[in-house]
Structure formats: C-alpha cells, structure tokens
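Novice: By the count of the numbering used here, the sequence shown reaches residue 2050 at its end, each step adding exactly one.
Ideal Cβ positions, reconstructed from N, Cα and C, are used throughout, including at glycine.
Computed from a predicted structure; not experimentally measured.
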Amino acid sequence: MTEQLQTFFDQLSVVRSSKSNCRLIRDIVPIEEWIVSPYYLGQEAEALYPFWRDVSIEFERGGYNELILTGSIGGGKSYEAVIIIFRQLYILSCYVNFPVKFNLSPSSQIILMYMSLSMKVANASGYGKLRRMIDGSPYFQEFFPRKLDIDSELRFPNNISAFAGSDMGHFTGQDLFAIVLDEQNFLRAAGGDVGKMEKATNLYRESTNRRKSRFGNEGIAVIVSSSDTETAFTEDRIKKSQDDPNVLVKRVTAYKINPQRYSDKFFYVFRGTDTHDPFVLNEENRQKLDNFYTGMDYISSPNDFYVPPEALKQFFETPPVDFYKSFEIDVIGSLKEVCGVAVKKYGKLFGSMEKYNKCVNPERAHPFTMEEITLSTDDDKKLSDFFLPELLVPEKNARYGIHIDQSITTDATGIGMAHSVIKNSKLVKVKQDFLLRIIPPVKPAEIDIDKVTDFIIWLRDVMKFQIKLVTYDQYASRQSLQRLRKKLFNAELLSVDRNDEPGVLLSKLIKNEQYDVYEYLPFKEELFDVDRDVGKKKIDHPVGGSKDVFDGAQGSVWNAINLYDGLADELDVETIKLMSNSMFEEMSEDSDWFLKSMGVTEGARKKAIMDPEMAKILDRMTKIQQ
1425 MTEQLQTFFD QLSVVRSSKS NCRLIRDIVP IEEWIVSPYY LGQEAEALYP FWRDVSIEFE
1485 RGGYNELILT GSIGGGKSYE AVIIIFRQLY ILSCYVNFPV KFNLSPSSQI ILMYMSLSMK
1545 VANASGYGKL RRMIDGSPYF QEFFPRKLDI DSELRFPNNI SAFAGSDMGH FTGQDLFAIV
1605 LDEQNFLRAA GGDVGKMEKA TNLYRESTNR RKSRFGNEGI AVIVSSSDTE TAFTEDRIKK
1665 SQDDPNVLVK RVTAYKINPQ RYSDKFFYVF RGTDTHDPFV LNEENRQKLD NFYTGMDYIS
1725 SPNDFYVPPE ALKQFFETPP VDFYKSFEID VIGSLKEVCG VAVKKYGKLF GSMEKYNKCV
1785 NPERAHPFTM EEITLSTDDD KKLSDFFLPE LLVPEKNARY GIHIDQSITT DATGIGMAHS
1845 VIKNSKLVKV KQDFLLRIIP PVKPAEIDID KVTDFIIWLR DVMKFQIKLV TYDQYASRQS
1905 LQRLRKKLFN AELLSVDRND EPGVLLSKLI KNEQYDVYEY LPFKEELFDV DRDVGKKKID
1965 HPVGGSKDVF DGAQGSVWNA INLYDGLADE LDVETIKLMS NSMFEEMSED SDWFLKSMGV
2025 TEGARKKAIM DPEMAKILDR MTKIQQ
C-alpha cells in the first residue's frame, strides 16, 4: 500500500471516529437564561413562579440527580417536575451520539419516562403538559421537532423518546435517562389501590438502579408527592436522602410560592408532637401551651393574633388569615392541604396521640412474661405458662369478650380480651384486659391452634373469668369454634376485615376517653398505622404493615360492647354530644345523612331525637340547612 493511500485511510478512520463520538452541536444555554426565555419555554417562561425558577436553578447548579417534591396541594409540584424533564430534553438536543459518552452504542435509544397508569391519565397530567410545552417552544420547532404523527410517544431525532407508562417492559432493552413518579396523581388515579402504588414504587427503584448503571450521576429522577398522599416509599426516600448529596428535597407551601394571592396577615398553628395534638393558637386554645411555656405574649398588631414565645416558634406554622376558618374547622386536614405538614396521614383511622395517652393506664402492666410469644407445634409449652395471674384477676360481674385473629405459619396471631364497665346502666369505659401477639415458629413448625383454644378454656375454668363471647376471624377457625362450642362457649365468627364498624367503635372510645388499656407497643404501632377506606367501609394495614394485635383489640372491644343491649347506641349519643357546632355549620346535606356518615347507629339517631340536649343541636342543624 502506498504512503498516499495509507494517509487516505487514516483520514477516513478519523472522520468515521468523529461521527461516532459524543459531541455538542450547539452550546447549552445556562439554566438562568433558559428558564426565563420564551424562545425555549414558550408561554411557560412567564407563567413559571420565581420560586420554581429558583428550584430549577438549584437542582442543576447543585449537581443533583434526584428531586423529591412534597408539601401542600396546589403548589405546582407536578408542573415543576415537567419543567425539569423539559430541561433534560433540551440538553439532550444539543448533543449527537449522546450514548457514546457513557460507552453505550451510538444507536442506543435514550428514554425519558413519566409514570402513569394509562395514556388517558398521562394526557391529563404531566405527560400531556410536557407534550404541549414542546409543541409551544420555538426552539424545539426549529432544532428538535418531535414526530407529529404519534402522540402516545414523544419521538425526537437521535433516538430520543419520552413516553408515559407503568410497566418495566416499556423500556426493556432501552436506556432510561430520566423518570418521574408523580405519586399524588398516580395514587388518586389508582383509586387508592395500594397494590398498583406498590408496583409503581418497585418500578421506580428498578428503573433508578438501571439509570445509575447506564448514566451514573447524569441521569435524573423526580418524585412528586404531597402531605395527604405521601407513602412509606416517599418517606423512606426522604429519610435516606438526608445523607445523600445527590438528592434535593423540597417541601413546598402554596401560599409561600405565590404570596401575592394572600393576605400579609397570618396566625400561628401548633403542628403537634408525639404527645400533643395540633391546634390554632387563640384564646380558646391558649392554655394548651402551658406544658411548654407559662408566659404567653399577646400582640394586637399587625395580625391581632396570639404569638408564641420565640423559643417555641419552631413548633408552629404561620398560614395567612385567608385560611383561618378552614383551620378552625379541621386543623389536621388544613395543616396537610395548606401548609404541607403530614400530621396524620390521609386515610388513617386514628391519629391523636394526646387522646391515646389519656387512655393508657400507668398502673396496669402486660400480664404475660413476654411482649410477644411463640406457640409451636414442636414443643410442650402452653400459653398459660406465660400468664401472670397476679397482674390480671377477674372482676365481679364483668362479662368478658375475646377475639382471635388466627394465623398458622406466616402472619402473627393476635388475641384480645375486654369487658365493659357499667354504672347505672350506662357505659363508663371499656377495659382492655389484655392484648397479645403470637409469632409463628421457624418452619416447618406452625402456630399451635389448640394451645390458643386451651388457653381460653383455662381462663374460664381455672382462672374463673366469665367469658361470655369468643369470636374468630374466618381463617383456620372451624376446629377452634367446634371445640369451644362443645365446651359450652358462645363462639362465633366475626370478620373485622369486611367492615369498619368494630374499628370505628374502638376509635370512638379512645376519642371519648372511655377506653382503658396498658401500654403495649405492638397495639400502639398498629393503631396509628392502619388505614380506613370510608367508601368501602374497610380497615386494613398499609403495605408492609400488620394489624393482628389491632384486630384482637377491635374484635374484643366490639364483643364487650355488644354483650349489653343498647350500649352501642348509648355510646353514639355521647359521641354526637361531643361534636363541635362548627362541624354542623359546614353541612349542606340533611342531618341524618351526616350522622350515618359518622358511623352513628340507627338506634342512636332515633334516641338522639328524644334527648333534650341533642334536640337543641339537631334543631340548630335544621335552621342552618334552611
């Protein structure tokens, strides 16, 4: 080969190599200039709040690769997620052979994904917004136009695509560069279906691992949540991000994002702690701060509201006076929706630590030698061997109810026993005599069902507890029910999974301070963790949670109440009396419907009409509706 021919092939090799190299074909405009330019953002340049401009700049200049947005509703979090993805598309448009930068094939398809249950949902949320922003950008029309003959996917030059989906198969064999999980929209579109949400979070984890394996720290991920839909997944991500320099977390508040829309006057709201409930700081609630501070200043201007001492302000939110009425009616809901503070998660059955603590009896203790016990088919240990009779003795004339949430090999078994304390034919309280979690042994051994039944028989025949009703959930209960009935027990099925009445009853008792229980951590954790679906009238544990001890509690309390005719109705009448009049002022439907929605029994509604005190409240409600 001649020297001239060799030179020709060497030059051709350089040309071919340069064509397959990753290189910029136009300069990337700095984020500070890009974020305010109509040429790049179209009309969105003027619509974007300064707060979100600053977040976009902070995210890029700080070198972050994951953004978590949570807080109050209506703050523009989903919109900001779209802006972040839009910026990434712009950056990719400035390159050719971008995959080569990461030692990937030049023909690799670069994917940006907006997670959604369906294309219909996607078009109505962030994905549809992204498509409209692209179509409204002069820059994209000139330099990086998408294919207009397809809307199910945003397809660009250089093998770059953006689409919506909820299936890992959507990008199998492709390279995921960016992903958005809009948790608040996803969960609502799923109708609260925890299974679908769990699938989405698993997909997010898997895709994040794939993104980091392909692009290192240059790919991005965005989670959008809110205080009323924040799941354990997002909470965990936020917790882990505290020591991760690559993750930016922003808790946003709508009135701080766009303060011009609201009054410059504000008031103070106590966020609450593990032992004290939230409240608006006003004359009525002023005394609630005595546990923290005895000297309270009052300032008549500029806001005409109480002001906490400087040292306590860290426990308070300061919403504009525009929301004062909303906070008076529902302080917990308003803290979530207005301030973005997750005090009590949306859908939880119970959330008042203050009320719970008032029901815990410090003079009582767990009447077993261990907090959790294993009853195995492989040994001779009996449940009575663990019982401490000196801590629990039968009470005169008490009628005891027991409920067992039975399991065998995987879940734990929960047992509860309770009785009603009656005075002058009225309920004083329900006493939770004991609660116990029985954990399964190492396989192949199983929880010994007979040992549980033997213990119930022993409590009646040896310890002399007047056990008037024993109930089991459906699972693995037939044999136990047969044995107990042969021993002349009143033994029945009670499914606490099919309706929420037993759980709602237990919640009412605690709120009315008519529940007496010793401190038992497994019950406490489950009480504050279980979810209530009001529409389906069901109570269930969240993903990864449990409710076996809670089931033992709610079932045994239900039995203790229903051993006395009319007690449930009497309890509901007392509950109605405790309702604030401000609740009724918000009603637009008839009073009977409202009482039904609160879980009030038909007997209690009829009885309430005959009660002079209740008659005044119902009369007030009627006048309001007219």
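In whole angstroms, give me the CA-to-CA distance for TYR1563 and GLY1552.
Specialist: Approximately 19 Å, taken between the alpha carbons.
Novice: So which of ILE1832, TYR1464, LYS1806 and ASP1857 has the shortest CA-CA distance to ALA1822?
Specialist: Residue ASP1857 is the option with its Cα nearest to ALA1822.
Novice: Apart from the five residues just before and just after LYS1948, which ones in its own chain have a Cβ nearer than 8 Å to its Cβ?
Specialist: If we look at LYS1948 and ignore the five residues flanking it on each side, its Cβ neighbours are TYR1780.
Novice: Pick from ILE1756, LEU1705, LYS1760 and LYS1749: whose alpha carbon is nearest that of LEU1736?
Specialist: For the residues ILE1756, LEU1705, LYS1760 and LYS1749, the minimum Cα distance to LEU1736 belongs to LEU1705.
Novice: I'd like to check one pair, PRO1818 with GLN1890: are the Cβ atoms closer than 8 Å?
Specialist: A contact, by the Cβ cut-off of 8 Å.
Novice: Who are the near neighbours of LYS1892 in its chain, counting only those whose CB is closer than 7 Å to its CB and skipping five residues on each side?
Specialist: If we look at LYS1892 and ignore the five residues flanking it on each side, its Cβ neighbours are ARG1823, TYR1824, GLY1825, ASN1914 and LEU1987.
Novice: Any contact between the stretch 1501-1516 and the stretch 1634-1642? By contact I mean 3 or more CB pairs, one from each, below 8 Å.
Specialist: No, they do not touch.
Novice: Using CA coordinates, which residue listed in ILE1534, ASP1746, ILE1839 and ILE1985 is at the minimum distance from SER1849?
Specialist: Of the candidates ILE1534, ASP1746, ILE1839 and ILE1985, the one whose C-alpha sits nearest the C-alpha of SER1849 is ILE1985.
Novice: What does DSSP give as the partner residues of LYS1779 in its beta bridges?
Specialist: Answer is none; LYS1779 lacks a bridge partner.
Novice: Taking the alpha helix (DSSP H) that MET1557 falls in, what are its first and last residues?
Specialist: Segment 1550-1559, the alpha helix (DSSP H) holding MET1557.
Novice: What does LYS1423 pair with, by DSSP beta-bridge criteria?
Specialist: What is shown of the chain runs 1425 to 2050, which leaves residue 1423 out entirely.
Novice: Between ASP1478 and chain D, is there a C-beta pair that is closer than 8 Å?
Specialist: In summary, chain D is missing from the structure at hand, where a single protein chain is found.
Novice: Which same chain residues end up closer than 7 Å to PHE1739 when comparing Cβ atoms and leaving out the 5 residues on each side of it in sequence?
Specialist: So the qualifying residues of the chain are PHE1694 and ARG1695.
Novice: Drop a sphere of 10 angstroms on the beta-carbon of ASP1829, count the other beta-carbons inside from all chains shown, and report buried for 16 or more, exposed for fewer.
Specialist: It counts as buried.
Novice: Under the DSSP definition of a beta bridge, which residues are partnered with ILE1647?
Specialist: ILE1647 pairs with ILE1492 and LEU1605.
Novice: What do you get for SER1531, buried or exposed, if any count of 16 or more other CB atoms within 10 angstroms of its CB means buried?
Specialist: The residue in question, SER1531, is exposed, as its Cβ has fewer than 16 Cβ neighbours within 10 Å.
Novice: LYS1867 to THR1837, Cα distance in whole Å?
Specialist: In a straight line, the C-alpha of LYS1867 is about 16 Å away from that of THR1837.
Novice: Tell me the rounded alpha-carbon separation between GLY1764 and GLU1752.
Specialist: Using only the alpha carbons, I get a separation of about 17 Å.
Novice: For VAL1920, I'd like the list of residues in its chain whose CB is within less than 6 Å of its CB, leaving aside the five on either flank, ordered along the chain.
Specialist: Within the same chain, VAL1920 has close Cβ partners PRO1926, ASP1975, GLN1978 and GLY1979.
Novice: Would you mind listing the beta strand (DSSP E) stretches within the stretch 1779-1813 that are 3+ residues and don't spill past its ends, in chain order?
Specialist: Counting whole runs of 3 or more residues, the stretch 1779-1813 contains the beta strand (DSSP E) stretches 1796-1798.
Novice: Ignoring anything shorter than 3 residues or poking outside the stretch 1876-1950, list the beta strand (DSSP E) runs there in chain order.
Specialist: Entirely contained in the stretch 1876-1950, the beta strand (DSSP E) runs reaching 3 residues are, in chain order, 1891-1896 and 1915-1917.
Novice: What would DSSP say about GLY1976, mapped onto helix, strand or coil?
Specialist: DSSP places GLY1976 in helix when its eight states are reduced to three.
Novice: Measure the alpha-carbon distance for GLU1761 versus TYR1748 and round it to whole angstroms.
Specialist: Near 13 Å, if we compare the C-alpha coordinates of TYR1748 and GLU1761.
Novice: Which same chain residues end up closer than 7 Å to ILE1723 when comparing Cβ atoms and leaving out the 5 residues on each side of it in sequence?
Specialist: Caution applies to ILE1723, whose pLDDT of 44 falls short of 50 and renders its modelled position unreliable; the model cannot decide the point.
Novice: Would you decide whether VAL1648 is buried or exposed? Buried here means 16 or more other CB atoms lie within 10 Å of its CB.
Specialist: Buried, by the Cβ-count rule.
Novice: Taking VAL1876 as the reference, give the member of VAL1676, ASN1983, GLY1495 and MET1841 with the closest Cα.
Specialist: That would be MET1841, whose Cα lies nearest to the Cα of VAL1876.
Novice: Please say whether TYR1464 and TYR1519 have beta carbons closer to each other than 8 Å?
Specialist: Against a cut-off of 8 Å, the Cβ pair of TYR1464 and TYR1519 comes out as no contact.
Novice: Using CA atoms only, rank isn't needed, just tell me which of ASP1754, VAL1784, GLU1482 and ARG1570 is closest to VAL1673.
Specialist: The option with the nearest alpha carbon to VAL1673 is GLU1482.
Novice: Can you tell me which residues form a DSSP beta bridge with ASP1955?
Specialist: ASP1955 pairs with LYS1772 and ASP1964.
Novice: If we count the other Cβ atoms within 10 Å of its Cβ and call it buried at 16 or more, is LEU1799 buried or exposed?
Specialist: The residue in question, LEU1799, is buried, as its Cβ has 16 or more Cβ neighbours within 10 Å.
Novice: Are ILE1534 and PHE1522 touching if we call contact CB-CB under 8 Å?
Specialist: Yes, the pair counts as a contact, with Cβ atoms nearer than the cut-off.
Novice: Is the beta carbon of ASN1583 less than 8 Å from the beta carbon of VAL1524?
Specialist: Cβ distance not < 8 Å, so ASN1583 and VAL1524 don't count as in contact.
Novice: In terms of alpha-carbon separation, which member of SER1901, PHE1475, THR1677 and SER1517 lies closest to ASP1451?
Specialist: Selected option, being the one with the closest Cα: SER1517.
Novice: Residues bridged to GLY1840 by DSSP?
Specialist: Paired residue(s): HIS1827 and LEU1859.
Novice: State the start and end residues of the unbroken alpha helix (DSSP H) segment that holds ALA1505.
Specialist: That run of the alpha helix (DSSP H) goes 1501-1517.
Novice: Just grab the DSSP bridge partners of GLU1484 for me.
Specialist: Beta-bridge pairing links GLU1484 to no other residue.
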